[in-house]
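Asks:
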Amino acid sequence: MKPRLSRRTLLGRLSALLAGAAVLPAVQRAKAAVRKILVTANAPPGYDPADHKWVMAVDAHRCIGCGLCVEACKQENHVPEGPYFRTWVERYILAKPAPGSGEARGDVHVDSPNGGMHGYPASPIPAEEIQHSFYVPKLCNLCHHSPCVQVCPVGATFDAPDGAVLVDPKHCIGCGFCIQACPYGCRFLSPVTKVAEKCTLCYHRITRGLRPACVEVCPTQARVFGDLKHPGPDDPIQKFYRKNRVQALKPHLGTEPRLLYAGIDKEVR
Amino acid sequence: MSIRTKPPPQPLWGLLIVLYPYITGLVAGAFIMASLVRVFRVTALEPVYRLSLLTAFAFLLCAPLPLLFHLGRPERCLSVLITPHLTSPMAIFGFVYAWYLMAVLLLELWFDYRRDLVEWSNRTSGLRGVLYRLFTVGVTDVSEPALRLDARIGRFLSIVGIPSAFLLHGYVGFIFGSVKANPWWGNVLMPIIFIMSAMVSGIALCVFNYMVLTWVRRRTADMRCLDVMAMFLFYALVLDAAIEALDWIHRVYSAEEGFVVMQAMAREKLFYSLNVAQALLGTLLPLLLLGGIQLARQSVPEIWRRRIYFSSAVLIMVGVLAMRWNVVIGGQLFSKSLRGVMSYKMEFAGMEGWFMAAFLFVLPFLILTVLIKLFLPAEPPRWRRRCSSGCSGLNDACRPPAPVQAERGGR
Chain A
1233 MKPRLSRRTL LGRLSALLAG AAVLPAVQRA KAAVRKILVT ANAPPGYDPA DHKWVMAVDA
1293 HRCIGCGLCV EACKQENHVP EGPYFRTWVE RYILAKPAPG SGEARGDVHV DSPNGGMHGY
1353 PASPIPAEEI QHSFYVPKLC NLCHHSPCVQ VCPVGATFDA PDGAVLVDPK HCIGCGFCIQ
1413 ACPYGCRFLS PVTKVAEKCT LCYHRITRGL RPACVEVCPT QARVFGDLKH PGPDDPIQKF
1473 YRKNRVQALK PHLGTEPRLL YAGIDKEVR
Chain B
515 MSIRTKPPPQ PLWGLLIVLY PYITGLVAGA FIMASLVRVF RVTALEPVYR LSLLTAFAFL
575 LCAPLPLLFH LGRPERCLSV LITPHLTSPM AIFGFVYAWY LMAVLLLELW FDYRRDLVEW
635 SNRTSGLRGV LYRLFTVGVT DVSEPALRLD ARIGRFLSIV GIPSAFLLHG YVGFIFGSVK
695 ANPWWGNVLM PIIFIMSAMV SGIALCVFNY MVLTWVRRRT ADMRCLDVMA MFLFYALVLD
755 AAIEALDWIH RVYSAEEGFV VMQAMAREKL FYSLNVAQAL LGTLLPLLLL GGIQLARQSV
815 PEIWRRRIYF SSAVLIMVGV LAMRWNVVIG GQLFSKSLRG VMSYKMEFAG MEGWFMAAFL
875 FVLPFLILTV LIKLFLPAEP PRWRRRCSSG CSGLNDACRP PAPVQAERGG R
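Protein sequence lines correspond, in order, to chains A and B. Per the numbering used here, the first sequence runs over residues 1233 to 1501. Per the numbering used here, the second sequence runs over residues 515 to 925.
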């Protein structure tokens, strides 16, 4: 019987494998180069995306729910009017359990009227019945393994080498798959441009040495921003990591968010 | 638990995206129906072979339209083919679609029709004749060996077509099943559920089309063919119902994170479309009706069998449409933080309105009507009738048999 794997086919397959292995790094390099070009198109000349790793963190202990960040984001990024937000603030009110109920906690009330931009109505739960209440700013979770990037059919959304997850508005076809795939609800289809839109960490600002608008206006420094590749002296991000035990949203999905929170509760998803 | 988080104004994927997997499923199902004849040699189904193929073709032509119209920037749709992002399930649609349309369905139809096209182009004049001549692409060899080769290639294409049909629709299921952000969608069973429901709806569509066509042509439907179709429809429905039930049992039993919100959906927002339309009318009732006939076919008079088949087919088609609705719309009615549900208000006008959806659903039927006018004459062409000596009717020298009922409405 003829051997199933002859020398010739084996050699052929091995060389194909080798050729593939040789091509792969080149493909990856080309991909990285394309990304760099894409990024630098939005950034000032001389900005090297490979030289930075931007990250944001949220200290929910400090947030007072003033909504300035939401308003600043809307203005800075020309976010369309109506229920469209790149960042928003949720209010959590956890009630005390009913006496004798045997529960650790009562009702959970969550709201974010108009993204929390203009404050919140009076609490529906009377003050003496509240166990905890706190605010949670939400924005792009800057995932290591972004589902939104994975599912984009044309590669219009991509992980920039400097840590931002960006959308190329000239290439996006507006299918909305990334919006469905984002576990954190951080994307929307712009009613104006009809393409996907999201938090860019104010890319036009950070590439010019400024901080994102929401960080800039936050009166309590609940939002912390920094460059992991160039930690400055007394760097707020490093300090945040040192001082807090942090957690990410929906860790079971394996998206590995780089946006970390301090001071949130199990009710925050 | 009171909730008012940041809800999007409306579900992003509306009625058109409900229609997209529905139409694609009908294509896959109708094709499987046709391959029962070609690959598995279920000769009783011969009268619907060509009708199923034409049905699959008409619906396939319309399959990408809902997707296209729903895009935010439809003018950039070709980017999916030019700069596909290969980790995206959606990026592959263009290729799977092109493969299925060009390499499978169109070729199979052409090889199956080649001889007829040649004959018709010789016998017909005027615009119709020109059309037939165009469709022959200049290949007019209808010698015995050439026809034998046609038949062999046709069968090969059918064999390739079955996994392709599964691929086409299983892949549509994967678009939803791969979304781990959404507990309503992210599910390994999703592609299989989509394939099974596609087969069920496709066969039901063929039953529907066949019965309507025979009615329009004032013929009696071939009862043996209908019985066999109904049998396949029943068994496919049993499989489909079993897998969907398994999915639900698993969801209820494991009761994971999103279970509370799913429960709320099944009890309130999707009560009618899930429990009534999909489960009761679309699955349980046809199962009972068709199952009853499987048990006591001889004792049910023909007229009643016909009525039951027709109503079961319609019920199943409505049920599968409801299933697509429940998947697509249902998956968007709760917020990503699994808190709070919203309502979907259907519009009449506009791209995502129901007028547009109705148009896109009627369009394949219009195309099918034209195709039937052109390619499915009421009397099968003389050269296609099977002769009693079993030479598969390819031999012109054979005397055509007297037309029997079994061959009406088809080849």
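Virtual Cβ for every residue (Gly too), placed ideally from N, Cα, C.
(1) Pick helix, strand or coil for A:I1325, following the three-state DSSP scheme.
(2) Name the chain B residues that come within less than 7 Å of A:H1403, Cβ to Cβ?
(3) Relative to the C-alpha of B:E782, which candidate in B:G854, B:E861 and B:M831 has its C-alpha closest?
(4) Could you pull out every residue in the same chain whose Cβ sits closer than 7 Å to the Cβ of B:V610, ignoring the five residues on either side in sequence?
(5) Please look up how many angstroms separate the CB atoms of A:P1556 and A:Y1352, rounded, as I've assumed it's under 8 Å.
(6) Span of the beta strand (DSSP E) holding A:R1455?
(7) Does B:P878 get closer than 9 Å to chain A when you measure Cβ to Cβ?
(8) Is there a Cβ of chain A sitting closer than 9 Å to that of B:T597, yes or no?
(9) Where does A:K1370 sit, in a helix, a strand or coil, going by DSSP?
(10) Answer with buried or exposed for B:L529, where buried requires no fewer than 16 other C-beta atoms within 10 angstroms of its C-beta.
(11) Can you tell me whether A:I1296 is buried or exposed? The criterion is at least 16 other CB atoms within 10 Å of its CB, across all chains shown.
(12) Determine whether the beta carbon atoms of B:V656 and B:E622 lie at a separation below 9 Å.
(13) Under 9 Å between beta-carbons, which chain A residues line up against B:N696? List them in chain order, please.
(14) For a contact meaning CB atoms closer than 7 Å, what does B:K850 contact in chain A?
(15) Using a Cβ cut-off of 7 Å, pull out every chain B residue sitting near A:G1387, in sequence order please.
(16) List, in chain order, every chain A residue whose beta-carbon is nearer than 8 Å to that of B:L585.
(17) Assuming A:T1389 is part of the beta strand (DSSP E), what are its boundary residues?
(18) Span of the beta strand (DSSP E) holding B:M743?
(19) List the residues of chain A that B:P535 touches, going by C-beta distances under 7 Å, in chain order.
(20) For the alpha helix (DSSP H) that contains B:V855, what are its first and last residues?
(21) If you measure from the beta carbon of B:G845 to each beta carbon in chain A, is any gap under 9 Å?
(22) Could you check the C-alpha separation between A:L1250 and A:T1241 for me, to the nearest Å?
(23) Show which residues of chain B have a CB atom less than 7 Å away from the CB atom of A:L1421.
(24) To the nearest angstrom, report how far apart B:N789 and A:F1409 are at their CA atoms.
(25) CA-CA distance, A:P1463 and A:F1457?
(26) What does B:L853 touch in chain A if you count any residue whose Cβ is under 7 Å from its own?
(27) Using a Cβ-Cβ distance cut-off of 9 Å, determine whether B:M776 contacts chain A.
(28) Could you check what DSSP says for A:V1259 in three-state terms: helix, strand or coil?
(29) When the cut-off is 9 Å and only beta carbons count, does B:E861 lie next to chain A?
(30) How do the region 572-579 of chain B and the region 859-879 of chain B stand: do at least 3 beta-carbon pairs fall below 8 Å, yes or no?
(31) Starting from B:D664, trace the alpha helix (DSSP H) in both directions and tell me its first and last residue.
(32) Apart from the five residues on each side of it in sequence, which residues of its chain come closer than 6 Å, Cβ to Cβ, to A:H1377?
(33) Are any of the Cβ atoms in chain A nearer than 9 Å to that of B:S516?
(34) Please name the residue, chosen from A:Y1416, A:D1343, A:P1312 and A:C1301, that lies closest to A:L1451 on a Cα-to-Cα basis.
(35) Does the CB of B:V834 have a neighbour CB from chain A at under 9 Å?
(36) What residues in the region 779-791 of chain B bring their beta carbon closer than 9 Å to a beta carbon of chain A?
Replies: Put simply:
(1) strand
(2) S593
(3) B:G854
(4) L681, L682 and Y685
(5) No statement about residue 1556 of chain A is possible, as the shown extent of chain A runs from 1233 to 1501 and does not include it.
(6) R1455 to D1459
(7) no
(8) yes
(9) strand
(10) buried
(11) exposed
(12) no
(13) Q1412, A1413 and P1415
(14) P1415, Y1416 and G1417
(15) T597 and H599
(16) I1405, G1406 and C1407
(17) T1389 to D1391
(18) Note, B:M743: premise wrong, no beta strand (DSSP E); alpha helix (DSSP H) at M737 to S768.
(19) Near B:P535 there are no residues of chain A at all, since even the closest Cβ is about 14 Å away, more than 7 Å.
(20) Neither: B:V855 is in no alpha helix (DSSP H) and is coded neither H nor E.
(21) yes
(22) 14 Å
(23) L526 and G586
(24) 28 Å
(25) 11 Å
(26) Here the sequence assigns Arg to residue 853 of chain B, which means Leu is not the residue at that position. Result: V1342.
(27) no
(28) helix
(29) no
(30) yes
(31) E658 to G691
(32) T1487 and E1488
(33) Note that B:S516 scores 43 on pLDDT, short of 50, meaning its location in the model is unreliable; the coordinates nonetheless yield the value given after this. It does: the Cβ of B:S516 has a partner Cβ on chain A nearer than 9 Å.
(34) Reading off the sequence, residue 1451 of chain A comes out as Pro, not Leu. The shortest Cα separation from A:P1451 among A:Y1416, A:D1343, A:P1312 and A:C1301 belongs to A:C1301.
(35) no
(36) none
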